[in-house]
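Numbering (the working numbering), first residue to last: 37 to 425.
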(Lines of atoms letter the chains of each structure in order from A and count residues from 1; the text may use other names and numbers.)
(Lines give C-alpha, C1' and ligand atoms only; values in the text may rest on other atoms or scores of the structure.)
Protein backbone atom coordinates (compact mmCIF):
# COMPACT_ATOMS: atom_id res chain seq x y z
CA UNK A 1 0.00 0.00 0.00
CA UNK A 2 1.36 3.43 -0.94
CA UNK A 3 2.58 5.71 1.81
CA UNK A 4 -0.20 8.13 2.80
CA UNK A 5 1.34 11.44 3.93
CA UNK A 6 0.50 12.98 7.25
CA UNK A 7 -1.49 16.18 6.74
CA UNK A 8 -0.18 19.06 8.84
CA UNK A 9 -0.97 22.74 9.24
CA UNK A 10 2.00 25.05 9.90
CA UNK A 11 1.23 27.47 12.70
CA UNK A 12 4.08 29.75 13.75
CA UNK A 13 6.70 27.49 15.41
CA UNK A 14 4.77 24.18 15.40
CA UNK A 15 3.04 21.71 13.10
CA UNK A 16 -0.54 20.68 13.81
CA UNK A 17 -1.37 17.23 12.43
CA UNK A 18 -4.93 17.04 11.08
CA UNK A 19 -6.48 13.64 11.73
CA UNK A 20 -9.92 12.19 11.26
CA UNK A 21 -10.59 12.55 15.00
CA UNK A 22 -9.33 16.12 15.31
CA UNK A 23 -5.82 17.49 15.55
CA UNK A 24 -2.64 17.12 17.59
CA UNK A 25 0.74 18.82 17.77
CA UNK A 26 3.83 17.27 16.23
CA UNK A 27 6.50 18.22 18.80
CA UNK A 28 9.39 16.81 16.73
CA UNK A 29 8.40 16.90 13.04
CA UNK A 30 11.93 15.93 11.99
CA UNK A 31 11.58 12.57 13.74
CA UNK A 32 9.64 9.57 12.58
CA UNK A 33 8.99 8.06 9.19
CA UNK A 34 6.54 8.70 6.41
CA UNK A 35 5.97 11.71 4.18
CA UNK A 36 4.36 15.01 5.18
CA UNK A 37 1.91 17.30 3.39
CA UNK A 38 2.36 20.67 5.09
CA UNK A 39 -0.30 23.36 4.59
CA UNK A 40 1.58 26.66 4.96
CA UNK A 41 0.37 30.24 5.52
CA UNK A 42 2.58 31.75 2.80
CA UNK A 43 2.43 35.54 2.96
CA UNK A 44 4.69 36.24 -0.04
CA UNK A 45 3.60 34.07 -2.97
CA UNK A 46 2.36 34.83 -6.50
CA UNK A 47 1.40 32.90 -9.62
CA UNK A 48 2.03 33.56 -13.31
CA UNK A 49 0.14 31.34 -15.82
CA UNK A 50 2.25 30.59 -18.92
CA UNK A 51 2.11 28.92 -22.32
CA UNK A 52 5.43 28.32 -24.09
CA UNK A 53 6.56 26.48 -27.25
CA UNK A 54 8.95 24.37 -25.13
CA UNK A 55 8.76 20.88 -23.63
CA UNK A 56 11.99 20.67 -21.63
CA UNK A 57 11.47 21.79 -18.02
CA UNK A 58 14.96 23.30 -17.77
CA UNK A 59 14.38 25.45 -20.85
CA UNK A 60 10.92 26.40 -19.58
CA UNK A 61 12.43 27.60 -16.32
CA UNK A 62 15.12 29.60 -18.14
CA UNK A 63 12.52 31.25 -20.42
CA UNK A 64 10.34 32.13 -17.41
CA UNK A 65 13.37 33.44 -15.56
CA UNK A 66 13.98 35.91 -18.41
CA UNK A 67 10.31 36.92 -18.50
CA UNK A 68 10.07 37.38 -14.69
CA UNK A 69 13.56 38.82 -14.14
CA UNK A 70 12.25 42.11 -12.62
CA UNK A 71 10.62 40.11 -9.79
CA UNK A 72 13.60 37.80 -9.27
CA UNK A 73 16.30 40.48 -9.34
CA UNK A 74 16.29 41.02 -5.56
CA UNK A 75 17.12 37.39 -4.85
CA UNK A 76 14.35 36.95 -2.28
CA UNK A 77 12.00 34.92 -4.49
CA UNK A 78 12.31 31.41 -5.90
CA UNK A 79 10.83 30.44 -9.27
CA UNK A 80 9.02 27.08 -9.34
CA UNK A 81 7.35 26.26 -12.70
CA UNK A 82 4.58 23.67 -12.67
CA UNK A 83 3.62 22.21 -16.07
CA UNK A 84 -0.06 21.24 -16.09
CA UNK A 85 -0.50 20.26 -19.77
CA UNK A 86 1.82 19.33 -22.66
CA UNK A 87 1.03 18.92 -26.34
CA UNK A 88 3.93 18.18 -28.65
CA UNK A 89 6.49 20.94 -28.12
CA UNK A 90 4.02 23.21 -26.31
CA UNK A 91 3.57 23.41 -22.54
CA UNK A 92 1.06 25.18 -20.33
CA UNK A 93 1.23 25.68 -16.62
CA UNK A 94 1.70 28.01 -13.68
CA UNK A 95 4.93 29.63 -12.51
CA UNK A 96 5.05 30.07 -8.74
CA UNK A 97 7.04 32.90 -7.18
CA UNK A 98 7.51 32.19 -3.48
CA UNK A 99 9.55 33.75 -0.70
CA UNK A 100 12.80 31.87 -0.16
CA UNK A 101 12.77 32.78 3.53
CA UNK A 102 9.23 31.46 4.03
CA UNK A 103 10.07 28.19 2.30
CA UNK A 104 12.90 27.69 4.78
CA UNK A 105 10.71 28.79 7.69
CA UNK A 106 7.83 26.41 7.04
CA UNK A 107 9.71 23.35 5.79
CA UNK A 108 10.63 20.96 8.64
CA UNK A 109 13.94 19.06 8.35
CA UNK A 110 13.34 16.32 5.80
CA UNK A 111 15.81 13.74 7.19
CA UNK A 112 15.22 11.57 4.14
CA UNK A 113 11.42 11.82 4.19
CA UNK A 114 9.34 13.50 1.49
CA UNK A 115 8.01 16.91 2.58
CA UNK A 116 5.50 18.66 0.35
CA UNK A 117 4.66 22.34 0.96
CA UNK A 118 1.32 23.69 -0.27
CA UNK A 119 -0.32 27.09 0.43
CA UNK A 120 -2.99 26.32 2.99
CA UNK A 121 -5.69 28.20 1.08
CA UNK A 122 -5.26 25.75 -1.84
CA UNK A 123 -6.67 22.99 0.36
CA UNK A 124 -9.92 24.97 0.50
CA UNK A 125 -9.71 25.66 -3.24
CA UNK A 126 -9.44 21.89 -3.86
CA UNK A 127 -13.01 21.53 -2.53
CA UNK A 128 -14.37 23.19 -5.67
CA UNK A 129 -15.72 26.60 -6.56
CA UNK A 130 -14.18 29.62 -8.21
CA UNK A 131 -11.96 30.71 -5.33
CA UNK A 132 -11.13 30.23 -1.67
CA UNK A 133 -10.50 32.33 1.44
CA UNK A 134 -8.77 31.31 4.68
CA UNK A 135 -8.48 33.48 7.77
CA UNK A 136 -6.17 33.09 10.78
CA UNK A 137 -5.35 35.36 13.68
CA UNK A 138 -3.22 37.80 11.67
CA UNK A 139 -3.98 37.51 7.95
CA UNK A 140 -6.47 36.60 5.26
CA UNK A 141 -5.26 34.33 2.44
CA UNK A 142 -7.23 34.23 -0.83
CA UNK A 143 -6.94 32.57 -4.23
CA UNK A 144 -8.88 33.04 -7.47
CA UNK A 145 -9.18 30.07 -9.85
CA UNK A 146 -9.60 29.78 -13.59
CA UNK A 147 -10.14 26.42 -15.26
CA UNK A 148 -9.14 24.79 -11.99
CA UNK A 149 -5.75 26.56 -11.82
CA UNK A 150 -4.67 29.53 -9.65
CA UNK A 151 -4.95 32.90 -11.37
CA UNK A 152 -4.06 35.11 -8.40
CA UNK A 153 -3.09 34.72 -4.75
CA UNK A 154 -2.75 37.37 -2.11
CA UNK A 155 -2.36 37.87 1.63
CA UNK A 156 -3.93 40.80 3.49
CA UNK A 157 -3.44 41.94 7.12
CA UNK A 158 -6.54 41.12 9.06
CA UNK A 159 -6.67 44.48 10.81
CA UNK A 160 -7.24 46.19 7.42
CA UNK A 161 -9.61 43.68 5.77
CA UNK A 162 -12.47 41.43 6.82
CA UNK A 163 -13.74 38.17 5.34
CA UNK A 164 -16.71 39.79 3.57
CA UNK A 165 -14.57 42.44 1.88
CA UNK A 166 -12.09 39.83 0.66
CA UNK A 167 -14.87 37.65 -0.78
CA UNK A 168 -16.16 40.75 -2.59
CA UNK A 169 -12.66 41.39 -4.00
CA UNK A 170 -12.41 37.81 -5.28
CA UNK A 171 -15.74 38.09 -7.07
CA UNK A 172 -14.75 41.45 -8.53
CA UNK A 173 -11.44 39.99 -9.75
CA UNK A 174 -13.27 37.06 -11.36
CA UNK A 175 -15.90 39.39 -12.85
CA UNK A 176 -18.72 37.29 -11.44
CA UNK A 177 -20.89 38.55 -8.60
CA UNK A 178 -22.23 35.01 -8.08
CA UNK A 179 -18.81 33.28 -8.04
CA UNK A 180 -18.63 30.42 -5.53
CA UNK A 181 -16.03 31.10 -2.80
CA UNK A 182 -15.10 28.45 -0.21
CA UNK A 183 -14.19 30.18 3.05
CA UNK A 184 -13.02 29.10 6.50
CA UNK A 185 -11.96 31.10 9.56
CA UNK A 186 -9.54 29.58 12.10
CA UNK A 187 -10.50 32.35 14.55
CA UNK A 188 -14.30 32.25 14.40
CA UNK A 189 -14.72 28.46 13.99
CA UNK A 190 -11.47 26.50 14.25
CA UNK A 191 -12.95 22.95 14.31
CA UNK A 192 -14.87 23.55 11.06
CA UNK A 193 -11.87 25.26 9.42
CA UNK A 194 -9.51 22.39 10.33
CA UNK A 195 -12.01 19.81 9.06
CA UNK A 196 -12.35 21.64 5.73
CA UNK A 197 -8.56 21.95 5.39
CA UNK A 198 -8.11 18.22 5.96
CA UNK A 199 -10.89 17.36 3.51
CA UNK A 200 -9.33 19.57 0.83
CA UNK A 201 -5.83 18.22 1.54
CA UNK A 202 -7.06 14.68 0.92
CA UNK A 203 -8.28 15.82 -2.51
CA UNK A 204 -4.83 17.30 -3.20
CA UNK A 205 -3.40 13.80 -2.70
CA UNK A 206 -5.53 12.47 -5.58
CA UNK A 207 -3.39 12.40 -8.79
CA UNK A 208 -6.49 13.16 -10.88
CA UNK A 209 -7.07 16.52 -9.16
CA UNK A 210 -6.07 19.67 -11.09
CA UNK A 211 -4.02 20.99 -8.13
CA UNK A 212 -2.28 17.68 -7.38
CA UNK A 213 1.20 18.72 -8.59
CA UNK A 214 1.54 21.89 -6.49
CA UNK A 215 4.60 21.55 -4.26
CA UNK A 216 6.55 24.63 -3.18
CA UNK A 217 9.22 22.62 -1.38
CA UNK A 218 11.12 22.32 -4.66
CA UNK A 219 11.75 18.57 -4.22
CA UNK A 220 9.37 17.68 -7.05
CA UNK A 221 10.84 20.35 -9.34
CA UNK A 222 14.41 19.18 -8.66
CA UNK A 223 13.42 15.56 -9.37
CA UNK A 224 11.71 16.56 -12.63
CA UNK A 225 14.76 18.57 -13.73
CA UNK A 226 17.04 15.59 -13.05
CA UNK A 227 14.71 13.33 -15.03
CA UNK A 228 14.66 15.85 -17.90
CA UNK A 229 18.46 16.02 -17.99
CA UNK A 230 18.74 12.21 -17.97
CA UNK A 231 16.15 11.87 -20.74
CA UNK A 232 17.97 14.52 -22.79
CA UNK A 233 21.28 12.62 -22.45
CA UNK A 234 19.63 9.35 -23.48
CA UNK A 235 18.00 10.98 -26.49
CA UNK A 236 21.27 12.57 -27.59
CA UNK A 237 23.11 9.28 -27.28
CA UNK A 238 20.40 7.49 -29.27
CA UNK A 239 20.42 10.09 -32.00
CA UNK A 240 24.22 9.96 -32.19
CA UNK A 241 24.23 6.18 -32.65
CA UNK A 242 21.40 6.26 -35.20
CA UNK A 243 22.93 9.10 -37.19
CA UNK A 244 26.44 7.66 -37.49
CA UNK A 245 25.64 5.41 -40.46
CA UNK A 246 23.73 8.08 -42.37
CA UNK A 247 25.81 11.18 -41.71
CA UNK A 248 28.45 10.65 -44.40
CA UNK A 249 25.97 10.10 -47.25
CA UNK A 250 23.44 12.76 -46.28
CA UNK A 251 25.64 15.60 -45.08
CA UNK A 252 26.56 17.07 -48.47
CA UNK A 253 23.03 16.68 -49.86
CA UNK A 254 21.52 18.29 -46.75
CA UNK A 255 23.81 21.29 -46.91
CA UNK A 256 23.07 21.80 -50.61
CA UNK A 257 19.31 21.51 -50.09
CA UNK A 258 19.29 23.89 -47.12
CA UNK A 259 21.50 26.39 -48.91
CA UNK A 260 19.21 26.50 -51.95
CA UNK A 261 16.08 26.65 -49.79
CA UNK A 262 17.54 29.51 -47.74
CA UNK A 263 18.45 31.43 -50.90
CA UNK A 264 14.92 31.06 -52.27
CA UNK A 265 13.40 31.99 -48.92
CA UNK A 266 15.63 35.04 -48.55
CA UNK A 267 14.76 36.18 -52.07
CA UNK A 268 11.01 35.79 -51.47
CA UNK A 269 11.15 37.55 -48.10
CA UNK A 270 13.25 40.39 -49.49
CA UNK A 271 10.87 41.04 -52.35
CA UNK A 272 7.78 40.73 -50.11
CA UNK A 273 9.24 43.09 -47.50
CA UNK A 274 10.29 45.63 -50.14
CA UNK A 275 6.87 45.72 -51.80
CA UNK A 276 5.05 45.83 -48.46
CA UNK A 277 7.21 48.72 -47.24
CA UNK A 278 7.37 50.88 -50.36
CA UNK A 279 4.28 49.77 -52.29
CA UNK A 280 6.38 49.37 -55.43
CA UNK A 281 5.13 46.86 -58.04
CA UNK A 282 8.04 47.47 -60.40
CA UNK A 283 10.90 45.19 -61.35
CA UNK A 284 13.15 44.11 -58.45
CA UNK A 285 16.74 43.24 -59.24
CA UNK A 286 18.40 43.85 -55.85
CA UNK A 287 15.81 44.54 -53.09
CA UNK A 288 18.48 45.35 -50.50
CA UNK A 289 20.24 48.00 -52.59
CA UNK A 290 16.97 49.44 -53.85
CA UNK A 291 15.53 49.62 -50.30
CA UNK A 292 18.68 51.36 -49.03
CA UNK A 293 18.45 53.92 -51.81
CA UNK A 294 14.76 54.56 -51.08
CA UNK A 295 15.40 54.94 -47.34
CA UNK A 296 18.28 57.36 -47.84
CA UNK A 297 16.18 59.59 -50.09
CA UNK A 298 12.96 59.44 -48.03
CA UNK A 299 12.07 61.88 -45.20
CA UNK A 300 13.50 60.61 -41.95
CA UNK A 301 15.76 58.24 -43.82
CA UNK A 302 18.69 59.16 -41.60
CA UNK A 303 16.83 58.69 -38.29
CA UNK A 304 19.23 55.96 -37.20
CA UNK A 305 22.37 54.12 -38.26
CA UNK A 306 22.62 53.15 -41.88
CA UNK A 307 22.25 49.54 -42.93
CA UNK A 308 26.00 49.26 -43.37
CA UNK A 309 26.54 50.67 -39.87
CA UNK A 310 24.01 48.35 -38.23
CA UNK A 311 25.50 45.34 -40.02
CA UNK A 312 28.92 46.35 -38.75
CA UNK A 313 27.68 46.82 -35.15
CA UNK A 314 25.78 43.55 -35.12
CA UNK A 315 28.72 41.75 -36.69
CA UNK A 316 31.10 43.07 -34.04
CA UNK A 317 28.67 42.04 -31.30
CA UNK A 318 28.29 38.60 -32.83
CA UNK A 319 32.02 37.92 -33.05
CA UNK A 320 33.32 39.64 -29.90
CA UNK A 321 33.54 38.28 -26.40
CA UNK A 322 34.15 34.65 -27.33
CA UNK A 323 30.63 34.00 -28.66
CA UNK A 324 30.04 30.28 -29.34
CA UNK A 325 30.15 29.38 -33.01
CA UNK A 326 26.80 27.62 -32.62
CA UNK A 327 25.04 30.98 -32.19
CA UNK A 328 23.87 31.76 -35.71
CA UNK A 329 22.20 34.73 -37.39
CA UNK A 330 19.35 33.65 -39.67
CA UNK A 331 17.51 36.86 -40.54
CA UNK A 332 18.10 40.60 -40.15
CA UNK A 333 15.34 43.03 -41.10
CA UNK A 334 16.26 46.71 -41.15
CA UNK A 335 14.43 50.02 -41.49
CA UNK A 336 15.13 53.60 -40.54
CA UNK A 337 13.83 53.14 -37.00
CA UNK A 338 15.25 49.79 -35.97
CA UNK A 339 16.13 46.26 -36.89
CA UNK A 340 14.80 42.77 -36.12
CA UNK A 341 17.16 39.83 -35.74
CA UNK A 342 16.25 36.15 -35.85
CA UNK A 343 18.86 33.60 -34.83
CA UNK A 344 19.49 30.26 -33.15
CA UNK A 345 21.48 29.37 -30.04
CA UNK A 346 22.04 26.21 -28.00
CA UNK A 347 21.13 27.80 -24.65
CA UNK A 348 19.34 30.80 -23.14
CA UNK A 349 22.61 31.97 -21.56
CA UNK A 350 24.12 32.44 -25.03
CA UNK A 351 21.21 34.71 -25.96
CA UNK A 352 21.77 36.79 -22.82
CA UNK A 353 25.47 37.06 -23.68
CA UNK A 354 24.64 38.33 -27.17
CA UNK A 355 22.29 40.95 -25.69
CA UNK A 356 25.06 42.12 -23.38
CA UNK A 357 27.51 42.47 -26.27
CA UNK A 358 24.95 44.36 -28.34
CA UNK A 359 24.55 46.77 -25.46
CA UNK A 360 28.32 47.48 -25.47
CA UNK A 361 27.90 48.52 -29.13
CA UNK A 362 25.18 51.01 -28.13
CA UNK A 363 22.27 48.83 -29.27
CA UNK A 364 19.45 48.12 -26.82
CA UNK A 365 17.67 44.87 -27.62
CA UNK A 366 14.37 43.38 -26.55
CA UNK A 367 13.91 39.62 -26.53
CA UNK A 368 10.87 38.34 -28.40
CA UNK A 369 9.75 34.76 -29.02
CA UNK A 370 11.85 31.74 -28.07
CA UNK A 371 11.07 28.45 -29.85
CA UNK A 372 12.64 25.04 -29.60
CA UNK A 373 13.83 23.65 -32.95
CA UNK A 374 13.88 19.92 -33.87
CA UNK A 375 17.67 19.96 -33.55
CA UNK A 376 17.50 20.95 -29.89
CA UNK A 377 18.49 24.59 -30.37
CA UNK A 378 16.48 27.67 -29.42
CA UNK A 379 15.31 29.99 -32.21
CA UNK A 380 14.99 33.53 -30.86
CA UNK A 381 14.16 37.01 -32.07
CA UNK A 382 15.65 40.31 -30.94
CA UNK A 383 14.19 43.75 -31.62
CA UNK A 384 16.75 46.58 -31.92
CA UNK A 385 15.42 50.11 -31.72
CA UNK A 386 17.05 53.54 -31.62
CA UNK A 387 15.59 56.89 -30.74
CA UNK A 388 14.74 59.36 -33.49
CA UNK A 389 16.50 62.73 -33.33
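Even glycine gets a Cβ: it sits at the ideal position worked out from N, Cα and C. If you're wondering where the values come from, they're calculated on a predicted model, not measured in any experiment.
Item	Value
Alpha-carbon to alpha-carbon, residue 374 and residue 398	13 Å
Inter-residue Cα distance where the pair is residue 214 and residue 203	11 Å
Residue 218 to residue 155 span [Cα, whole Å]	15 Å
Cα-Cα separation between residue 186 and residue 180, rounded to whole angstroms	6 Å
Continuous beta strand (DSSP E) stretch holding residue 134: start and end	126-135
Three CB pairs or more closer than 8 Å across the stretch 219-239 and the stretch 160-169	yes
Contacting residues, own chain, Cβ-Cβ under 8 Å from residue 44 (five flanking each side not counted)	51, 52, 53, 54, 62, 65, 72, 73, 74 and 75
Within 8 Å, strictly: CB atoms of residue 108 and residue 86	no
Entirely enclosed beta strand (DSSP E) segments - the stretch 382-411, minimum 3 residues	400-408
Pair within 8 Å by beta-carbon distance, residue 184 and residue 246	yes
Nearest-angstrom Cα separation, counted from residue 381 out to residue 387	7 Å
Cβ shell of residue 56 (< 6 Å), same chain only, five flanking positions each side left out	none
Of the residues 82, 111 and 416, the one placed nearest residue 134, counting alpha carbons only	82
Beta-carbon gap between residue 225 and residue 171 smaller than 8 Å	no
Environment of residue 110 [buried if 16+ CB atoms lie within 10 Å]	exposed
Short Cβ contact (8 Å threshold) for residue 132 with residue 116	yes
For residue 251 and residue 216, the rounded distance between their alpha carbons	25 Å
Integer Cβ distance of residue 167 from residue 118, believed to fall under 8 Å	The pair is not a contact, with the Cβ atoms about 19 Å apart (cut-off 8 Å).
Selection from 41, 210, 138 and 97 that minimises the alpha carbon distance to residue 77	138
Pairwise C-alpha distance: residue 244 and residue 190	26 Å
Neighbourhood of residue 395 by C-beta distance below 8 Å, restricted to the same chain and skipping five residues each side	401
According to DSSP, residues forming a beta bridge with residue 177	170 and 191
Sequence ranges, beta strand (DSSP E) only - wholly within the stretch 46-78, length at least 3	50-55, 58-62 and 72-76
Counted within 10 angstroms of its Cβ, other Cβ atoms place residue 365 as buried (16 or more) or exposed	exposed
Separation of residue 404 from residue 413, as counted between CA atoms	16 Å
Chain-order list of residues whose beta-carbon lies under 8 Å from that of residue 152 (same chain, five-residue window excluded)	41, 71, 72, 73, 74, 251, 253, 255 and 256
Among 410, 417 and 416, nearest to residue 124 - alpha-carbon criterion	410
Residue of 175, 113 and 212 minimising C-alpha distance to residue 199	175
Bounding residues of the alpha helix (DSSP H) (the contiguous stretch that carries residue 115)	Here residue 115 belongs to no alpha helix (DSSP H); instead the beta strand (DSSP E) covers 113-123.
Distance cut-off 7 Å: residue 188 Cβ against heavy atoms of the ligand SAM	As presented, the structure is devoid of all ligands, the ligand SAM included, so that no description of it is given.
Whole-Å CB distance - residue 353 paired with residue 390, under 8 Å assumed	7 Å
Rounded separation between residue 269 and residue 384 - CA only	For residue 269, the predicted structure reports a pLDDT of 44, less than 50, and the residue's modelled location is therefore unreliable. The matter cannot be settled from this model.
Exposure label - residue 97; buried when at least 16 CB within 10 Å	buried
Supposed contact pair residue 136 and residue 113 - C-beta distance, whole angstroms, cut 8 Å	7 Å
CB contact flag (residue 164, residue 223, <8 Å)	no
Residue 92 - partner residues in DSSP beta bridges	For residue 92, which the question treats as bridged, DSSP gives no partner whatsoever.
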